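In the working numbering, the protein residues as written are 725 to 821. What follows is one structure encoded as structure tokens, with my remarks underneath.
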Amino acid sequence: MTGEVDHDSAGPLKEALEEGIGARRIIADCSGLRFCDSTGLNVLLKARLRMLHHGGRLDLAGLRPPVDRMFEITGAHNVFRVFQDVETALTDSQAGT
């Protein structure tokens with residue numbers, strides 16, 4: 725993801741995540757994301773639930789400070805597994821669980 729995810733720009737993210745439903749795992753690279761509002765957060769939360777329903781998982785990587793802060797304030801850090809970067813997520817020993 726790059727730029728901003730908000731009410732006006734969340735559509736492509738939603739479509740991309742829907743294409744991955746049924747996968748074992750999706751790692752959302754947030755390193756280029758400068759802003760995410762509640763719409764973007766809801767897209768990610770709904771995708772996470774759909775992934776869980778299908779036996780998969782949605783993880784996040786590379787949250788920049790403004791987005792990371794929003795995830796912290798909303799408690800989303802307690803819901804998602806958040807990694808420092810994609811490389812760290814890919815080498816996670818818990819990836820299959």
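Positions of the beta carbon are idealized from the N, C-alpha and C atoms, including for glycine. It should be emphasised that the depicted structure is a prediction, and the values quoted were computed from it without experimental measurement.
Take residue i as the anchor and find which of the options has the nearest alpha-carbon.
i, options, result
"Asp-783", "Gly-727, Cys-754, Glu-743", "Cys-754"
"His-731", "Leu-768, Glu-742, Gly-780, Leu-787", "Leu-768"
"Phe-759", "Val-810, Val-791, Thr-812, His-801", "Val-791"
So, with DSSP's three-state summary, where would you put residue i?
i, result
"Leu-776", "helix"
"Thr-821", "Its pLDDT being 47, under 50, Thr-821 is placed unreliably in this model, and the coordinates cannot settle the point."
"Val-810", "helix"
"Phe-795", "helix"
"Gly-727", "strand"
"Ala-740", "helix"
"Ala-785", "strand"
Please look up how many angstroms separate the CB atoms of residue i and residue j, rounded, as I've assumed it's under 8 Å.
i, j, result
"Ala-734", "Gly-756", "Not confirmed; about 15 Å, so no contact."
"Arg-748", "Gly-780", "5 Å"
Run through the DSSP bridge pairs and tell me what residue i is partnered with.
i, result
"Cys-760", "Val-729"
"Arg-805", "DSSP lists no partner for Arg-805."
"Asp-753", "Ala-785"
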